[in-house]
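Reviewing the structure listed below.
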Amino acid sequence: MSINGKLQDGSMEIDAGNNLETFKMGSGAEEAIEVNDFQNGITGIRFAGGEKCYIKAQVKARIPEVGAVTKQSISSKLEGKIMPVKYEENSLIWVAVDQPVKDNSFLSSKVLELCGDLPIFWLKPTYPK
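Given below as C-alpha cells:
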C-alpha cells in the first residue's frame, strides 16, 4: 500500500463474529489503523502520533464468515502485490468537524479502544473546490 507516495505494509483482519473489520497500514510513527464497525455503521480512524481520532458513518452490513482455506488463499494472492489507487478529480474528501464528539456512548468498545483518550471528531464528506 502506498502512503504519501511511500510503499507500506498493510494488513486486514476480519472478525465476523463481532461484525468488525480492521485495517492496519504502515508501522511505527507512520501507522494508520481503521476499524469498520458494520454493526453500528461507524468507521474509526487513528493515525500514530496523532492528537485526534476520527469517525465517519458507513453502511450497516453483516460480514460473512470466511473459511480458513479462503483466508489463506486471499492472503497469498495479495501478498507482495501493489494495488494502485486512482484519485478522481471529483472524488469525495473527508474533513473533520470543528468540535469533538461530546457523548461517545454510541461507539463500540473496539472503536473506543482504538481512540483511547484522544478526542473523537466526526468526518464529513465534501467535494474539493
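In my numbering, the protein residues as written are 49 to 177.
For each residue, glycine too, the CB sits at the ideal point set by N, CA and C.
What you are looking at is a predicted structure, and each value in this text was computed from that prediction instead of being measured.
For Thr-70, which residues from the same chain have a beta carbon less than 6 Å from its beta carbon, with the 5 sequence-adjacent residues on both sides left out?
For this step, residue 70 is matched to residue 22 along the sequence shown. If we look at Thr-70 and ignore the five residues flanking it on each side, its Cβ neighbours are Glu-61, Val-83.
Nearest neighbour of Asn-152, chosen from Ser-139, Trp-170, Leu-140 [CA to CA]:
For the purposes of this step, residue 152 is taken as residue 104 along the sequence shown, with counting starting at 1. Checked all of Ser-139, Trp-170, Leu-140; the closest Cα to Asn-152 is Trp-170.
Grab me the residues of Glu-161's own chain with a C-beta within less than 7 Å of its C-beta, minus the 5 sequence neighbours each way, in chain order.
The residue you call residue 161 lines up with position 113 of the sequence shown. Around Glu-161: no qualifying Cβ.
Spatially closest choice to Tyr-175 from Leu-155, Phe-154, Trp-142, Leu-166, by CA coordinates:
What you label residue 175 is simply residue 127 of the sequence shown in a count that begins at 1. Closest option to Tyr-175, Cα to Cα, is Trp-142.
From Leu-140 to Phe-154, what distance separates their C-alpha atoms?
If you number the sequence shown from 1, residue 140 lands on position 92. If you number the sequence shown from 1, residue 154 lands on position 106. Their backbone Cα atoms lie some 25 Å apart in a straight line.
Looking only at DSSP bridge pairs, what is Ser-59 linked to?
Taking the first residue of the sequence shown as position 1, residue 59 is located at position 11. For Ser-59, which the question treats as bridged, DSSP gives the partners Lys-72.
Nearest-angstrom beta carbon gap, Phe-86 and Ala-109 [assumed within contact, 8 Å]
As a first step, residue 109 is located in the sequence shown; it is residue number 61 there, counting from the start. As a first step, residue 86 is located in the sequence shown; it is residue number 38 there, counting from the start. Rounded, the Cβ-Cβ distance is 5 Å, consistent with contact.
Let me know if Val-107 comes out buried or exposed under the rule of 16 or more other beta-carbons within 10 Å of its beta-carbon.
Looking up residue 107 in the sequence shown gives position 59. Label assigned to Val-107: exposed.
Three-state secondary structure (DSSP) of Leu-160:
The residue you call residue 160 lines up with position 112 of the sequence shown. Three-state DSSP puts Leu-160 in a helix.
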